[in-house]
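Enquirer:
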Amino acid sequence: MTATPAPYRFHAFDVSYFSAKVRPALRYKQLWYEELRADLREVQRRTGLGFIPILITPDDETWQDTSVILDRLEERHPDPPLFPTTPVQRIAAHLVELYSDEFATLPAMHYRWGSELGEASARARFIAMTGNEAIGNAAADRMAAARLGLGATDETGPAMEAHARDLLDTLSTHFQAHPYLLGERMSFADCALMGPLYGHLFTDLVPRKLLLETAVPVVGWIERCNVPGPDAQGQWLADDALAGSFREVLAAMGRDAAPVILDGVRTVEAWADTRPADLERLPRTVGACDGSLRGTPLKKVALPYSLWMLQRTLDAYRSLAQGERSRVDAALAGSGWEALLAYEPRHRLTKRGFELAFE
Ligand SMILES: N[C@@H](CCC(=O)N[C@@H](CS)C(=O)NCC(=O)O)C(=O)O
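In this note's numbering, the protein residues as written are 709 to 1067.
1) Suppose the cutoff is 6 Å on Cβ atoms and the five residues either side in sequence are ignored; what does the same chain contact list for ILE764 look like?
2) Are the beta-carbon atoms belonging to MET902 and LYS729 less than 8 Å from one another?
3) Let me check understanding here. Comparing Cα to Cα, which of PRO713, VAL751, PHE759, ILE760 lies closest to TYR741?
4) What separation, rounded to the nearest whole angstrom, lies between the Cα atoms of HIS882 and ALA959?
5) On a CA-only basis, which of PRO984, LEU734, ALA801, GLU1067 is nearest GLU782? Give me that one, please.
6) Quickly, what does DSSP pair HIS719 with across the bridge? List them, please.
7) Between ALA867 and MET817, is the Cβ-Cβ spacing less than 8 Å?
8) Under 8 Å, Cβ to Cβ, is there at least one residue of chain D near THR794?
9) Which residues in the same chain as ARG974 place their Cβ atom closer than 8 Å to its Cβ, once the five residues preceding and following it in sequence are excluded?
10) Short of 7 Å in beta carbon distance, which residues of its chain neighbour VAL796, apart from the five on each side in sequence? Order them along the chain.
11) In chain order, what residues of the same chain lie with their CB nearer than 8 Å to the CB of ARG749, ignoring the 5 residues before and after it?
12) Quick one: grab the DSSP three-state call for GLN797.
13) Who are the Cβ neighbours of LEU814 in its own chain at under 7 Å, not counting the five residues just before and after it?
14) Under the assumption that SER1014 contacts ALA900 (Cβ atoms under 8 Å), give the Cβ distance between them as a whole number of angstroms.
15) How long is the line joining the alpha carbons of HIS785 and GLY891, rounded to whole angstroms?
16) Closest by CA to TYR888, which one among LEU909, LEU920, ILE930?
17) By the three-class DSSP mapping on this structure, what secondary structure does ASP998 have?
18) Let me make sure I understand the geometry here. Which of GLY865, VAL926, ARG1020, MET894 has the alpha-carbon closest to that of GLY1003?
19) Can you confirm whether the segment 1041–1055 touches the segment 963–973 when touching is taken to mean that 3 or more C-beta pairs between the two stretches lie within less than 8 Å?
20) If you measure between the beta carbons of ALA801 and ALA897, is that distance less than 8 Å?
21) Once you ignore the five residues that flank THR755 on each side, which residues in its own chain have a CB closer than 7 Å to its CB?
22) Touch check for the segment 821–830 and the segment 916–926: three-plus C-beta pairs under 8 Å?
23) Between the Cα of LYS737 and the Cα atoms of LEU744, PHE721, PHE791, GLU988, which residue gives the shortest distance?
24) Are GLU805 and ILE969 closer than 8 Å when you measure CB to CB?
25) Pull up the distance between the alpha-carbon of LEU875 and that of PRO904, whole angstroms please.
26) Under three-state DSSP, which class holds ARG1060?
27) Of the choices PHE726, VAL751, ASP767, GLY822, whose alpha-carbon is the least far from that of LEU778?
28) Closest to VAL926 by C-alpha separation, out of MET709, VAL957, LEU1018, GLY942, would be which residue?
29) I think GLY1031 touches ALA1010, with their Cβ atoms under 8 Å apart; what is that distance to the nearest whole Å?
30) Which of the three DSSP states is assigned to PHE1066 in this structure?
31) For MET1017, is the classification buried or exposed, using 16 other Cβ atoms within 10 angstroms of its Cβ as the cut-off for buried?
32) For ligand 1, is there a heavy atom less than 7 Å away from the beta-carbon of PHE811?
33) Give a single yes or no on whether THR838 has its beta carbon closer than 7 Å to a heavy atom of ligand 1.
34) Let me know the secondary structure DSSP gives TYR888 once reduced to three states.
35) Could you please give the first and the last residue of the uninterrupted alpha helix (DSSP H) stretch that includes LEU856?
36) Which residue marks the beginning of the beta strand (DSSP E) containing TRP771, and which one marks its end?
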């Protein structure tokens, strides 16, 4: 175990999508940590926000936002590494993170809240988790409404399920030959994908059945990510390679997700073009954007946060030397991610404390 003078304190929930992204990283890095059922008053007091998870460091700093948390964990505890340093694997990992954080929430919310059995079982779990019927029901109502805001409606349900089917099939093929996305070692891409796959699909009744009946190799990967001890780790693929089966995974993600993410970012940028000059705080959402998923119209809220996440990937891509970028382009040709990597945002966001702001 990595020695720290006191444990990290991880405010999280087992049913939480984004908690499932950080937990494997804490375990992989063999950190001393205590997981607490998130104390929402403490989270609010420390961050001014209602988002979980948060991580409190041994020296009592508060870290919020899973991408920031993973970056800082890597900075403080670089060994064993979560972030590949070679260009192709690094950008591929960023795309998996972008997909997981900014698109996979849609199928995940569909499976949790989009059927009678899904909704009733998730509601029961929320009540059990909070130990209070009124609070559990209120939280369930908020999340069920958030599903619709994200565009995971009854109309888009079949497209969500077709997407999930392709994703699970490509992942199953990959995990039959490779323990993790980039080879024999876990990376932050695996952590990010655990958000939808463990946080929602594996803990929810309806998709758990789907996983166990149709995607057993994916369940095997979930088990590995949950117990990623040092003895279970090898190396990422040599020579900055991506397995052919992982390129299929990236394509299953990119084809459907990249246009939806770009639609959202374009809407945010159009709003930013004409935003009020005296804007003090960025709103969480800036209206809705219209797009489509597999030919089905999809209307979803546009989130400034999505621009920040895209910027994170683009910063990594644009910091590469020309030759490295060409290697990334060649490796990702035909994956559906090209237009997103070519996008040049007109606006730039930064974090002031825990809040997003224009740079
Ligand atoms: N981008 C944030 C997202 C965190 C997030 O949305 N967490 C969910 C739980 S998994 C939450 O707290 N939702 C409360 C809300 O949406 O109001 C991160 O990466 O930490």
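In this text, a Cβ means the ideal position worked out from N, Cα and C, and glycines have one as well.
Expert: To lay it out plainly:
1) ARG717, THR770
2) yes
3) PRO713
4) 13 Å
5) LEU734
6) LEU744, ILE762
7) no
8) In the structure shown, chain D does not exist; there is a single protein chain.
9) CYS997
10) ASP948, LEU950, ARG1035, VAL1036, ALA1039
11) none
12) helix
13) LEU858, GLY859, ALA860, MET868
14) In fact, because the Cβ distance is near 15 Å, the residues do not count as touching under 8 Å.
15) 21 Å
16) ILE930
17) strand
18) GLY865
19) yes
20) yes
21) ILE762, THR770, GLN772, PHE1062
22) no
23) PHE791
24) no
25) 12 Å
26) strand
27) PHE726
28) VAL957
29) Not a contact, Cβ separation roughly 36 Å.
30) strand
31) buried
32) no
33) no
34) strand
35) 841–857
36) 770–772
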